[in-house]
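Below you'll find the structure, written out as structure tokens, and then a few comments.
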Amino acid sequence: MGAAVPRIDAERQRATAARLREILPARSVLWQEEDTRPYECDGLTAYRKLPMVVALPETEAQVQQVLRACHAMGVPVVPRGAGTGLSGGALPPGDGVLLSLAKFMRILRVDPVARLAVVQPGVRNAAISDAAAPFGLYYAPDPSSQIACSIGGNVAENSGGVHCLKYGLTVHNVLRVRGYTMDGEPLEAGSEAPDAPGLDLLALLVGSEGLLAVATEITVKLLPKPPAARVVMASFDDVQKAGDAVAAVIAAGIIPAGLEMMDRPATRAVEEFVGAGYDVDAAAILLCEADGLPEEVEDEIAKVKEVLARAGATRLAVSRDEAERLRFWSGRKAAFPAMGRISPDYYCMDGTIPRARLGEVLRFIGEMEAKHGLRCPNVFHAGDGNLHPLILFDANSADELRRTEAFAAEVLEKCIAVGGTITGEHGVGVEKIDQMCAQFSDAELALFHAVKRVFDPAGLLNPGKAVPTLARCAEFGHRHVHAAAAAAHPGLPRF
Numbered sequence: 048m049g050a051a052v053p054r055i056d057a058e059r060q061r062a063t064a065a066r067l068r069e070i071l072p073a074r075s076v077l078w079q080e081e082d083t084r085p086y087e088c089d090g091l092t093a094y095r096k097l098p099m100v101v102a103l104p105e106t107e108a109q110v111q112q113v114l115r116a117c118h119a120m121g122v123p124v125v126p127r128g129a130g131t132g133l134s135g136g137a138l139p140p141g142d143g144v145l146l147s148l149a150k151f152m153r154i155l156r157v158d159p160v161a162r163l164a165v166v167q168p169g170v171r172n173a174a175i176s177d178a179a180a181p182f183g184l185y186y187a188p189d190p191s192s193q194i195a196c197s198i199g200g201n202v203a204e205n206s207g208g209v210h211c212l213k214y215g216l217t218v219h220n221v222l223r224v225r226g227y228t229m230d231g232e233p234l235e236a237g238s239e240a241p242d243a244p245g246l247d248l249l250a251l252l253v254g255s256e257g258l259l260a261v262a263t264e265i266t267v268k269l270l271p272k273p274p275a276a277r278v279v280m281a282s283f284d285d286v287q288k289a290g291d292a293v294a295a296v297i298a299a300g301i302i303p304a305g306l307e308m309m310d311r312p313a314t315r316a317v318e319e320f321v322g323a324g325y326d327v328d329a330a331a332i333l334l335c336e337a338d339g340l341p342e343e344v345e346d347e348i349a350k351v352k353e354v355l356a357r358a359g360a361t362r363l364a365v366s367r368d369e370a371e372r373l374r375f376w377s378g379r380k381a382a383f384p385a386m387g388r389i390s391p392d393y394y395c396m397d398g399t400i401p402r403a404r405l406g407e408v409l410r411f412i413g414e415m416e417a418k419h420g421l422r423c424p425n426v427f428h429a430g431d432g433n434l435h436p437l438i439l440f441d442a443n444s445a446d447e448l449r450r451t452e453a454f455a456a457e458v459l460e461k462c463i464a465v466g467g468t469i470t471g472e473h474g475v476g477v478e479k480i481d482q483m484c485a486q487f488s489d490a491e492l493a494l495f496h497a498v499k500r501v502f503d504p505a506g507l508l509n510p511g512k513a514v515p516t517l518a519r520c521a522e523f524g525h526r527h528v529h530a531a532a533a534a535a536h537p538g539l540p541r542f
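Start counting the sequence shown at 48; every next residue gets the next number (my numbering).
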């Protein structure tokens, strides 16, 4: 992260900007430093690099022409949505073009009969539900940044949210993606019909982190808004008990609409920030939501309370009305910004583990706090084992930044060791690229690169992200986690 950044080639910059101004209005091609500086990073601000040129097309034809021009010039392109990503997936190429889809903000069609919406990639996540609300419908994936993040970025990272346990991630709620490959060839995957012919390229594109194509139109599934919803807030005097309670809820055959966990440092920071009504004396709290018909909700709430009480909950509170339900969730969704009040910077991690190992991994994170001398409040999409430890540090201190990176690496490798993965919804980007070497073998990584070459033979679209080169892995020299996993499951393919 601290490596020297090469200077931009001024001649190449002028030539690229001039070529793009033949396609776009002058106002839509930025290359002066004061204009490109706002695009130097995404939500992972520890990684920064000035783009050589920023292009802001307004039509699909312009996107196609920009890609064709950059392909002909051999200039790398990085697609960018709202810039809220947390893995450096939109980190600009210092020698290339940052392609912003921010002007693609139109909701093209809402079809209440087919229960779908056709939108452009710059549309905000929450805006889709706003447009569908008059028809009693909504878009289910709800990342914490939903008021700002764009659907194009959600598709790139396969985003989730607090309700993904019951309703799925982006990949489960997108029907069709249209866009262009790096050489400007049109590409369409999926269908408005229940299924599409051929290989499932839609699932391949969702979560591909902008390595395969640039999306220009997305069709999403809409769901009927549940007539009733209530939340149980459960307090626990021990983090291990709270982790075990998560597994107990699922083992009881209950699939909540949301099942979230926060430890005491997180709840205290949140309560000071938004006043969500959290129990700040509890070692951990769980938020468990039931939705559906009123009778179904009451029955599920009763079962959840019984399971949580048996699991050792010291206090149970149930939302009395919609306002209180939203207040309970407002705290969870404000967890990340709340950290800005108690620390100069925070590093939001993203790993996934089996639910039964939550308690073990939380204890490990506590050990890492002591080892690295850094605080780490924890918030979880606990129902599906998606962890979001928040390492607090000061980016002005090179030593704290180094310790933060070491802390994060050890936690991600612990996720692999217990049978999990290094990401659940934030993507790999540049943040976790070395841990890909620990998660996958050389043969597996070579296959990922082969897929990339099918779509982008020149390797110009979002280069250096998500999938490390084998040379980088050799330099990283960190195979012990992968080797342990392979030894535990000999002969099994791990794709």
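Glycine included, every Cβ here is placed at the ideal spot set by N, Cα and C.
On a predicted model such as this, the values are computed, not experimentally measured, just so you know.
Query raised in the report: Could you give the distance in angstroms between the alpha-carbon of residue 442 and the alpha-carbon of residue 453?
Result: Residue 453 has its alpha-carbon roughly 14 Å from the corresponding atom of residue 442.
Query raised in the report: CA-CA distance, residue 105 and residue 169?
Result: The straight-line gap from Cα to Cα measures roughly 11 Å.
Query raised in the report: Cα-Cα, which of 181, 287, 457 and 129 is closest to residue 204?
Result: 129
Report task. Output the distance between the C-alpha atoms of residue 439 and residue 446, rounded to the nearest integer angstrom. Result -> 13 Å
Requested in this report: Just the C-alpha distance for residue 247 and residue 239, rounded to the nearest angstrom, thanks.
Outcome: 14 Å
Query raised in the report: Can you name the start and end residues of the alpha helix (DSSP H) that residue 327 belongs to?
Result: No alpha helix (DSSP H) holds residue 327; DSSP gives it neither H nor E.
Query raised in the report: Across which residues does DSSP place residue 268 in a beta bridge pair?
Result: 163
Query raised in the report: Grouping DSSP H, G and I as helix and E and B as strand, with all else coil, what is residue 88?
Result: coil
**Report entry** For residue 126, the residue or residues it bridges with in DSSP
**Finding:** 146
Query raised in the report: What are the boundary residues of the alpha helix (DSSP H) that residue 414 is part of?
Result: Membership of residue 414 in the alpha helix (DSSP H) is indicated by the continuous run 405-419.
Query raised in the report: Is the beta carbon of residue 127 sitting closer than 9 Å to the one on residue 145?
Result: A Cβ-Cβ contact shorter than 9 Å links residue 127 with residue 145.
**Report entry** DSSP-derived helix/strand/coil call for residue 528
**Finding:** Caution applies to residue 528, whose pLDDT of 45 falls short of 50 and renders its modelled position unreliable; the value that the coordinates give is listed next. Residue 528: helix per DSSP, three-state reduction.
**Report entry** Member of 175, 211 and 234 whose CA lies at the smallest distance from the CA of residue 188
**Finding:** 211
Requested in this report: Please report the Cβ distance between residue 47 and residue 222, rounded to the nearest whole angstrom; I am assuming they are in contact, meaning their Cβ atoms lie under 8 Å.
Outcome: Since the first residue shown for the chain is 48 and the last is 542, residue 47 is missing from the structure and cannot be characterised.
**Report entry** Cβ-based burial, residue 79 [other Cβ within 10 Å; buried from 16]
**Finding:** Answer is exposed; the Cβ neighbour count stays below 16.
**Report entry** residue 134 and residue 477 closer than 9 Å at C-beta
**Finding:** yes
Report task. Using three-state DSSP, classify residue 94 as helix, strand or coil. Result -> In the structure shown, residue 94 adopts coil according to DSSP, grouped into three states.
Requested in this report: Kindly give me the distance between the Cβ atoms of residue 287 and residue 132, rounded to whole angstroms, as I take these residues to be in contact under 8 Å.
Outcome: Residue 287 to residue 132, Cβ: 32 Å. No contact.
Query raised in the report: Along the chain, where does the beta strand (DSSP E) that runs through residue 428 open and close?
Result: 425-428
Query raised in the report: If you compare alpha carbons, which of 379, 232 and 109 is closest to residue 326?
Result: Selection 379, 232 and 109 evaluated against residue 326 yields 379 as nearest (Cα-Cα).
**Report entry** Residues of its chain near residue 226, where Cβ-Cβ distance is below 6 Å and the 5 sequence neighbours each way are ignored
**Finding:** 234, 260, 261, 262 and 263
Query raised in the report: Cα separation between residue 507 and residue 390?
Result: 37 Å
Report task. Give every residue of the same chain whose Cβ lies closer than 7 Å to the Cβ of residue 358, excluding the five residues on either side of it in the sequence, and list them in chain order. Result -> 288, 291, 292 and 295
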